[in-house]
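Student: Please read through the structure below; I'll follow up with questions.
There are 6 protein chains.
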Amino acid sequence: MKFIKDFKPGDRVADIYMCKHKQSATTKNGKEYYSVTLQDKTGTVDAKIWEPNSDGIDEFDAPDCIDVFGEVTSFNGAIQVNVKRARKCREGEFDLSLYLPVSSKDNNEMYAQLLSIIKSIGNPYLKRLLESFFIDDKAFIELFRKSSAAKTVHHGFIGGLLEHTLSVTRLCEYFCTAYPALNRDLLLTAAICHDIGKTKELSLFPINDYTDEGQFLGHIVMGCEMVGEKARAIEGFPELLKQQLQHCILAHHGEYEYGSPKKPSIMEAVALNLADNTDAKMETFTELLQNTTEPGWQGFNKFFETNVYQTKID
Amino acid sequence: MKFIKDFKPGDRVADIYMCKHKQSATTKNGKEYYSVTLQDKTGTVDAKIWEPNSDGIDEFDAPDCIDVFGEVTSFNGAIQVNVKRARKCREGEFDLSLYLPVSSKDNNEMYAQLLSIIKSIGNPYLKRLLESFFIDDKAFIELFRKSSAAKTVHHGFIGGLLEHTLSVTRLCEYFCTAYPALNRDLLLTAAICHDIGKTKELSLFPINDYTDEGQFLGHIVMGCEMVGEKARAIEGFPELLKQQLQHCILAHHGEYEYGSPKKPSIMEAVALNLADNTDAKMETFTELLQNTTEPGWQGFNKFFETNVYQTKID
Amino acid sequence: MKFIKDFKPGDRVADIYMCKHKQSATTKNGKEYYSVTLQDKTGTVDAKIWEPNSDGIDEFDAPDCIDVFGEVTSFNGAIQVNVKRARKCREGEFDLSLYLPVSSKDNNEMYAQLLSIIKSIGNPYLKRLLESFFIDDKAFIELFRKSSAAKTVHHGFIGGLLEHTLSVTRLCEYFCTAYPALNRDLLLTAAICHDIGKTKELSLFPINDYTDEGQFLGHIVMGCEMVGEKARAIEGFPELLKQQLQHCILAHHGEYEYGSPKKPSIMEAVALNLADNTDAKMETFTELLQNTTEPGWQGFNKFFETNVYQTKID
Amino acid sequence: MKFIKDFKPGDRVADIYMCKHKQSATTKNGKEYYSVTLQDKTGTVDAKIWEPNSDGIDEFDAPDCIDVFGEVTSFNGAIQVNVKRARKCREGEFDLSLYLPVSSKDNNEMYAQLLSIIKSIGNPYLKRLLESFFIDDKAFIELFRKSSAAKTVHHGFIGGLLEHTLSVTRLCEYFCTAYPALNRDLLLTAAICHDIGKTKELSLFPINDYTDEGQFLGHIVMGCEMVGEKARAIEGFPELLKQQLQHCILAHHGEYEYGSPKKPSIMEAVALNLADNTDAKMETFTELLQNTTEPGWQGFNKFFETNVYQTKID
Amino acid sequence: MKFIKDFKPGDRVADIYMCKHKQSATTKNGKEYYSVTLQDKTGTVDAKIWEPNSDGIDEFDAPDCIDVFGEVTSFNGAIQVNVKRARKCREGEFDLSLYLPVSSKDNNEMYAQLLSIIKSIGNPYLKRLLESFFIDDKAFIELFRKSSAAKTVHHGFIGGLLEHTLSVTRLCEYFCTAYPALNRDLLLTAAICHDIGKTKELSLFPINDYTDEGQFLGHIVMGCEMVGEKARAIEGFPELLKQQLQHCILAHHGEYEYGSPKKPSIMEAVALNLADNTDAKMETFTELLQNTTEPGWQGFNKFFETNVYQTKID
Amino acid sequence: MKFIKDFKPGDRVADIYMCKHKQSATTKNGKEYYSVTLQDKTGTVDAKIWEPNSDGIDEFDAPDCIDVFGEVTSFNGAIQVNVKRARKCREGEFDLSLYLPVSSKDNNEMYAQLLSIIKSIGNPYLKRLLESFFIDDKAFIELFRKSSAAKTVHHGFIGGLLEHTLSVTRLCEYFCTAYPALNRDLLLTAAICHDIGKTKELSLFPINDYTDEGQFLGHIVMGCEMVGEKARAIEGFPELLKQQLQHCILAHHGEYEYGSPKKPSIMEAVALNLADNTDAKMETFTELLQNTTEPGWQGFNKFFETNVYQTKID
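Residue numbers (this note's numbering), protein chains in the order written: chain A, 1 to 314; chain B, 315 to 628; chain C, 629 to 942; chain D, 943 to 1256; chain E, 1257 to 1570; chain F, 1571 to 1884.
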C-alpha cells in the first residue's frame, strides 16, 4: 500500500483509504464537486471529486473506508488527490490498523507490566482499589487499553493512555529508589490512576474527540470522582488515605493555570506532577523528532516556546 | 458587658470572655507566665497572667469561657490585659452568641426564604435534587445553617454560608429577569448549591478552620461530588443536566488561578461566577466600612489592591 | 427582501443593499474588475463586478445604497455575489434601518426609563448634573441615543449605548437594595454617566469607527472631563462629590490593564465596575447565542477564553 | 548643628529639630509617655519623652520646631533619643531649610533655564500654552517651583518637580537632535507639562502627602485636564494638536499597569515615556548611592528588583 | 532602474533583480512552473515563470542576480511579476548595493566617530580592550562594520550594527553629562561592546540569518565571553573591572524575560539598558514612519502594542 | 554535646559552639553588651553577653569556636542564651564537622560513583573534557567536592554540589533508558557539568555566600564559559558539540525568568532541565520533612506555594 506521507505530484493512487471528512461545494462556474479528506496512519491529504455524479463514484461518508483511484497533483504548493473513482468498501476488505494511529508498543505486554506493578503494592486498600479497576472492571479495562492520552498532543494514538500511564508509573518507581522519603504505595497507586478520567474525557478512535462530560468536568475531576467511588465501595478504606490519593490526582497538573484545582501539598503529589510533566515533554520531543525529515533546526515550536533542533552526534 | 473593641488603657476588666488560645512562656528572668488570647464577638485581645500559680487563677484552656478580673494596659502601642484573677465558667453561665461572630440576619428567616426559592424551581429533577439536600438531609441542613463562608475574609461568621448563598441566589434571580437567555432553573439550582462543599471544607465555630479534606480536595471539587452523588440517586436525572450543574459549580470561581478547574462554558456558569464575585466584593467592602472608626481614607487594602475610602455624602 | 444571511449558491439577487466597501482590482489577465462588500442588517457578503464598464453598472461608492442584480456563487467555500447590474439609489428609495444594526428595544421607551431614574435622584447637585446632560444638551442627547457602545463587541448597534447604560443603571439599582452601604445617588449618577465619553470615542453609523480623539484620549478620560466641565458650571457643586463621581468613571474598567488609570477606591466605584462587567458578559453571551445555528458546542470563544456551549433544557 | 544621620549612642543632643509626629502612649506599668519623631533634612529619628509632665517639657505638636535637650541611646539595635527638655520655638529662631529636604540645585536658575526652553518653541499655540502656565499663572508657578515630584521615591524634595521636569525636557532636547523624525515643539511642550498634575496630587512640604483629588484622579488625568482647559482658552488652538499633547501626558507612564490609560501611539509620546523613565531610574540610583555608607554590595533593592552595587573604579 | 516598491499592475519589467528564493511547483493541470522571489533594496515581490523550459529562461538560483523581462500583474490583490525572460548576470554587471539594504549613513565616517570615542577613554585597561577589538582585530572589524543589528526588526541592514552601536554610545555620553554619578569609562566601553556578539549571532547579507551558535548561545553570552577572552589577554586587567564590564553586557536587555541572565546591579548597567532600549524604540518608530504612505493612523503595531499614528504638524 | 536544636528554657549550656556573628550594642540605660549568634550543625541561636568586660569573657570574633558557659532563657517567645563565660578555643580542641552542615553521604564514595559514570562516556571529546575537570584539575576538584549547591535552599551543605550533581546525573541515566531518542553522552556530560559554575558563585563554608563574580555573572554563564575554555583546549573538539553542551548549561533553568538566557532547544537540554528541577523539588521536600517535629499540616511553604503536609501511612 502507498502511504499518504509518500504521495508526490504525478503519482497514481489505487488503494483503500479512510474518508475522514466529506463536504459538497460549488466551483466559480456553479458546478458541484466534493471536497474529501483521506486518512491513513501516516497522515491526511485533501482530495477533490470533480465529477461527483459520474458512474465510478459511490455514495459514501466519513468514517467509511473507500477504494480510491486517482492522481496526485499539487495546488498552491500543497499535495491534492484528483479522485476519478471511489468505491465504498465493506468490513473485512481492509485492516483498520493501517488507517488509525496505534502505539508502537505491544498492548498486551504493556498491560501485563502494569498488572505486575499492581501486584507489588503492599497496602491492602490501595491494592484492592487498583484491582477493582484494572482486574475486575471489564468495561473500564476495555476503554483504558484503547484510549489515547490526548486529542492532538503527545500519546494521541490507540493505546496511548496505557503507554503514558506505564511510563509515568515507572518513572515514579525510579523516584522511590532515589528519594526514600516517598511513600511507594501511595505514589504508584496515584501514578496508575492519575489519568483514568481520560477514558471518559475522550471518545475512542476514529473520533478521538472531547465528550460533553470531558468538556464540562475534565479528566482531573472525573478521575478524582472515579477513585472516590471505588474507594467508598471498599470496606474500611481509610478516609485520610482516600483524600491523599484524590489529592494526588487533583494536583497532578501542578499549577492552577494548567487546570489543577489544588497545588501539590504532599511529596507524592509533587513527584507525580514531575513524572507526568517529564513523560509529556520527553514523548512530545520524541514524536517531534520522528516527524522531522532532516536534522538541524526545525523552526519555532509552540509547546517548547523556542526553536528546536534535532541533535546528531556521530 | 464591656466589649473588647472598646478596651482602653487604664480600664478595669471584670466580665466573661472566651479563651481562644493559651500558651505557657518564660520571662527574661526565667519566671513562668501565661500568654492568653481572649475573644468576644467584637474581636480578640492579648492578655498576660504574670502569676499563673496564684490563688485566683483556675486551670482552663481554649475554648473555655472564663470570668476575668484585670486591667487594660498598653504595650508597644497595642492593647493588652493584665489578668489578676481568672475563673473557668460552667455552661449556662454565659451566652455563647456574645463570644462568636454571628450573621446579623435571622437564620430561620433566611432559611425560609431559601426554601421558598426552591419551591419555585420548575424542573422536577433539579427541584428534587435541592429537596434531597435542603429538606431531607437533616445532618447537612444543620451544618449548612451554622457554617461560615470563609475562615478570614467575607462572611466569616456563623450563618455566613446561608447568608452568602441567599444573597448570590437572589442576585441570580435578578439576572434572570434582566437577561432572558438564562435558564432560571439551572442557574438558581447552581446558585443554591455552589458553596455546599464549604460544609466540609471548614469546621464549625469556635474552630472555623480548614479540615483535612478541605485542604486536600477543596470545596469546589467536594461540592461537585456531593451534587453528583445526590443526582445519581434520583431516578431518571438527565445525565447532561447533571454535568451542566456540576460544571457551574466547578467553574464558579471563574478563572483557573482562583482554583476553578474549568472556565465557564455556559451562560449560567458565567452568571453564577459574576453573582458570586459581586456578593464577595460588596460584602467585603461592607464589612470593611463597618470596621472603620472615621470616614475618609482607610489606607491600602490588599483585597481591593488600592487605598480605600469611606464615602459620606449628606 | 432577501437577507444576506440567507444567500445560497445559485440564488438570484435583485434587491437594494448598502455598499460598505468598494475597490478596483485587476485579474491575472490584466482586466479591471471591482471588489465590493455588500451589507444589510443581517451581515455582509463579498461581491464582484467583472464588467465594471458595461451599461448596467452605475458609478457609486461606500456608503451608497445600490440596487443589485446578480447571482450567488461559491468561491473557495465562501459565498460570493456575481453582480451583473448595479444602480445607485436615491434617498427615499430604501429604509436605512434594513441596512444597519439597531437595538431590538424601543429607543423612546428606553430613554423615558432613563429620565425617570434621573428624576428619582435625591442629591440636588447630582440631579442637576444629569439634567444638564440628558435634558438640556440637545446635541449630546442626539448623539447619546444613536451611538453604539462598541465597534465590534457587545452592543455594537444603533441605540447600543443607551441600552447598555440603562441595563447597567438598573443593575446598580438592584445593588442598592441588596447592599445598603451603597450611596444610591452617587452610584446611579455614575452608572448613567459611565460611558458618555463613547459619544465622542466612536463616530455614528454607518461608520461606527474610532475617532482621532477616541484613540488619543479614550472614552474613560473624555467622560471624566465631560463630567468635570458640567459640574464646574453648576454653582456650589461640592468639590469632593465631583471627584468621587469622576473617580467612579475613571475606575469603571476595574483594572489598570483594561485602561482604567485608577482602581476603584470607594464602594460605589467597585459596584459600578461589577455592573458594567456583568452587563458586558451577559450581553456578549446573549448575542453569541443569537448567532448560533444549532445548540451544543460552539467552539473556542476568545472573549470567554474557553469553548462555549448553548444550553437547551426542556 | 548636629544632623540626625550622624547620631550615635551616647551622644548629647542640644539643637532644634522639627517634630514630624507626636503620640501619647502608656508603659507596661501604666505610666504615660510621649513617642515623638524628630526630623531634619538628613532624616528622622524616634524619640521618647518619659516624663511628659515635668517642667522642661513644653506643649507642642507636629509640625512645630522644638529645641531639644537629651541623649542618644540604642533600643533593639535602632537609634533613639531620650528627651529631657523640649522647648517650642518661635518663627525666626530656626532656618526651615535645615529641616526639610530641598533640591541641591538653585531654584531660580532651574526656572530660568525652563523659561529659555519655552522661548525656543516655534509653534505659536504650544508656546502660548506654555506661557499661560509658566509666565502668566502665578499661583501655578508658586506651586510648581515648590512641589516635590514624589512622596517617597526619586525627587521627593522641595524643587523636585522642577528639577525632574527640567531634566526630562533636556533629555528630550537631546533626542530631537539624535532622532530627526521627532517633532521638537510637541515633544518639548509635552515634556514640560508632563507632570504638572503633581502640583495638585501632592500637598506641599512639610506634609508632602497625597491629596483627595490626587488619590481619586491622579496626576496623569489632572495634568491632561489642566492642559485641555488652558488650550481651550487659546483662540484657534488646533484641536488635533491639543489631542496629541494630551495623549503624550496620558501615555507618559508607557504601560497600562503603571497607570497610563493609553499606550504611546505617536513617536513623541514614546520618546517622552523613555525620557521620564530614564530620569526616574538615573535619579533613583543616584540618590541610592548618596545614601550608601561604603562601596560594594548594598543588598536587595525593590525598585531595581535585584541586589545593587556601588561601583568604585580608580 | 525601476524599484520593486513602485511596481504597479500593467508595468513592464526590464531590469536586474536579485533572486532571493526559487522553487519548482506544479499547476492544477500538472504543468511545472517556477515560483521566484525577486528582491532589491526597496523590498521583495513574487514572480512566476510559467514556461520554465522556454528558450529565454536561464538556469539560476538564489542569490543570483538576474536580468528579468516580464509584466506586473495583480493576483488576489497582491502584486506579481509574470516573467517571460530571465538571464543570469555575471559579477560586474550589477551594483550589489542596489539589492541589499544598507545604512543611510556613511560607514567610514561612523567608524571614525567610534574610534574617536575610544580615544577619549581614560582608563588604560578599558582603552586597551577596545583597541584590541576595534583597531587590532581585522577580522572582527570587517564583520562588525558589515553586520546588521537584527534579522527583522530595527537596524536590519548592512552597517546597522555599527549605526546602532554609535547611537547607543552617544546617548550614554549624554547620560554621563546629565548624571555625574555614572562612571564614563565603564559605561562607554560597555556601550561600544554591548552587541559585539551579534557579529557571530547573525550571518552576513544576503543571508542575514541566525547561525547555529547564535541560536544555541545568543549574542549576550557570546559577547560576554568575547570580552572575557580579550580582557584575560591584557596583563593586569583588574578582575573586578572585567566582571563589571561583563555584567553590563549580560544585563543590557534589562529583564530576564528579554534574555538577560542578570538584571542590572550597577548604575552603568542600568544606563546601558536604557540607552539600548531608547535607540531600539526610536529607530523602530523612525523606520515605521519611513514606510508609511500617508500620515494619520497606521493600524495596530505589534512592537508598540497599540495603534500608531504619524504626526504631521505644520 | 548538647545540640542547639534541643535547647529549652532553663537549660545549662557548657559546650563549644561556633560564633557566627558578633555585634556590640547598648541597653536603654546606656550599658554596653554583646549580641552573638552561636551555631552548630543543627542550627543557630541568639546569645547575649551582658557583662562583656568581666573576667570570664575572652576576646573573640566570627568564625571562632568558643567554649560557652551560660543559661537558656526565653525572650518574646524565642530561645536565647545568657552567656556568663566565653573562652576562645584553639584549633584541635573541636571537631569542625559538628559546627557546619555536611552531606549525610560519604564524599569519597559519591566522587567514585561520579568518576565511574565519566568512565562510561563513549564520545572521546566529551570524555576528555570531563577528565580535564574531574581528574586533572586538582584545584577545581577540591572546590567541587566541598561546595554547597545553594546559600539557603536545597543542598545548602558541604558536599551538596557533589550530591546534587550525582543525583541529577543518575536521573538522566534513567531517562536515557526510558527515552531512547536521547543522546546519552551529551546528556550525561551536561548533567555532570551543569552546576560547575557554583564553585565560583559561592564561597566555601563557613561563609557560603555569593562572591562578586557570582553576583555579577552567575553560575550559569560562568559554567558555560568554563566548559568553553576547557573544550577549546582539546584539539579537534567539534565546534557544534561544544555549542550544544554549552547550550544545555545555559538552558538548564528552563525559563528566562529563572535566569536562563536560552530556553532548551534540544531534547538533551529539556531532559537536563527536568532532572535538575526534579532533584531540587524532591530534595527540598525531603529536607522540609526532616525538619518537621510532628506529622500533618506544616503551614504555608513559599517554595511550593501552598500548605504542605507530612504523609504518614501505616
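We treat Cβ as the ideally placed atom computed from N, Cα and C, and that holds for glycine.
This structure is a prediction, so every number in the text was calculated from the model and none was measured.
For C:Q843 and D:Q1185, I'd like the C-alpha separation in whole angstroms.
Tutor: 9 Å
Student: Comparing C-alpha positions only, which one of E:L1417, E:C1480 and E:L1506 sits nearest to E:A1536?
Tutor: When the alpha-carbon of E:A1536 is set against those of E:L1417, E:C1480 and E:L1506, the nearest one is in E:L1417.
Student: Among D:I1021, D:E1001, D:G1012 and D:A1091, which has the Cα closest to the Cα of D:E1143?
Tutor: D:A1091
Student: Quick one: does B:V397 have its CB under 9 Å from some CB of chain A?
Tutor: no
Student: Whether or not the stretch 68-77 of chain A and the stretch 5-13 of chain A are in contact is what I'm after, with contact meaning three or more pairs of Cβ atoms, one per stretch, closer than 8 Å; do they touch?
Tutor: yes
Student: How close, in whole Å, do the beta carbons of F:V1653 and F:K1618 come, if the pair is a contact with beta carbons under 8 Å?
Tutor: Contact between F:V1653 and F:K1618 holds, with the beta-carbon distance rounding to 7 Å and staying under 8 Å.
Student: Give a yes or no on whether the minimum CB-CB distance between F:N1753 and chain B is below 9 Å.
Tutor: At a cut-off of 9 Å between C-beta atoms, F:N1753 does not count as an interface residue with respect to chain B.
Student: Apart from the five residues just before and just after D:A1132, which ones in its own chain have a Cβ nearer than 7 Å to its Cβ?
Tutor: L1187, C1190, I1191, E1210 and L1214
Student: What's the C-alpha gap between B:A376 and F:K1675?
Tutor: 45 Å
Student: CB-CB under 6 Å to D:F1242, same chain, minus the five flanking residues each way: which ones, in chain order?
Tutor: Counting only Cβ-Cβ distances below 6 Å, and skipping sequence neighbours, we find N1249.
Student: Note down, in chain order, all residues in the stretch 1700-1731 of chain F with a beta-carbon under 7 Å from any beta-carbon belonging to chain E.
Tutor: none
Student: According to DSSP, simplified to helix, strand and coil, what is A:H164?
Tutor: helix
Student: What are the complete beta strand (DSSP E) segments, minimum 3 residues, inside the stretch 325-353 of chain B?
Tutor: Entirely contained in the stretch 325-353 of chain B, the beta strand (DSSP E) runs reaching 3 residues are, in chain order, 326-340.
Student: Under 9 Å between the Cβ atoms of D:D1079 and D:H1136?
Tutor: no
Student: If you measure beta-carbon to beta-carbon, which residues of the stretch 205-227 of chain A are closer than 7 Å to chain B?
Tutor: D212, E213, Q215, F216, L217, G218, I220, V221, C224 and E225
Student: Just to confirm the assignment: which complete beta strand (DSSP E) runs, minimum length 3, are found wholly within the stretch 677-731 of chain C?
Tutor: When DSSP assignments are scanned along the stretch 677-731 of chain C, the uninterrupted stretches of beta strand (DSSP E) that are 3 or more residues long and fall wholly within it turn out to be 693-703 and 706-716.
Student: Using a Cβ cut-off of 9 Å (strictly closer), state whether C:T672 contacts chain E.
Tutor: Not closer than 9 Å to any Cβ of chain E, the Cβ of C:T672 fails to qualify, so no.
Student: With DSSP run on the structure shown, which of helix, strand or coil describes E:N1364?
Tutor: helix
Student: So is B:H561 in contact with chain A if we call contact Cβ pairs under 9 Å?
Tutor: yes
Student: Put F:D1755 into one of helix, strand or coil per three-state DSSP.
Tutor: If DSSP states are grouped into helix, strand and coil, F:D1755 belongs with the helices.
Student: In chain order, what residues of the same chain have a beta carbon less than 6 Å from the beta carbon of D:L1146, not counting five sequence neighbours either side?
Tutor: K1088
Student: Could you tell me the alpha carbon to alpha carbon distance between D:C1031 and C:I894, rounded to whole angstroms?
Tutor: 41 Å
Student: In three-state DSSP terms, what is B:G610?
Tutor: Of the three classes helix, strand and coil, the one that applies to B:G610 here is strand, per DSSP.
Student: Tell me the start and end of each unbroken alpha helix (DSSP H) in the stretch 1750-1835 of chain F that is at least 4 residues and wholly inside, in chain order.
Tutor: 1754-1763, 1768-1771, 1782-1786, 1788-1802 and 1809-1820
Student: For A:A178 and chain C, any beta-carbon pair shorter than 9 Å?
Tutor: no
Student: Which residues in the same chain as D:L1072 place their Cβ atom closer than 7 Å to its Cβ, once the five residues preceding and following it in sequence are excluded?
Tutor: I1060, I1063, T1131 and I1134
Student: What whole-angstrom Cβ distance do E:F1431 and D:M1224 have, given they're in contact under 8 Å?
Tutor: Contact flag correct, Cβ pair sits at about 7 Å.
Student: Specify the secondary structure class of F:I1728 as computed by DSSP and reduced to three states.
Tutor: strand
Student: Taking CB distances under 9 Å as the criterion, tell me whether D:N1219 reaches chain E.
Tutor: Flagged as an interface residue toward chain E: D:N1219, by a C-beta distance shorter than 9 Å.
Student: Out of curiosity, what's the CA-to-CA distance linking C:Q926 and C:T920?
Tutor: 7 Å
Student: In chain B, which residues lie less than 7 Å from F:N1877 when you measure between Cβ atoms?
Tutor: Those are Q529, listed as they occur along chain B.
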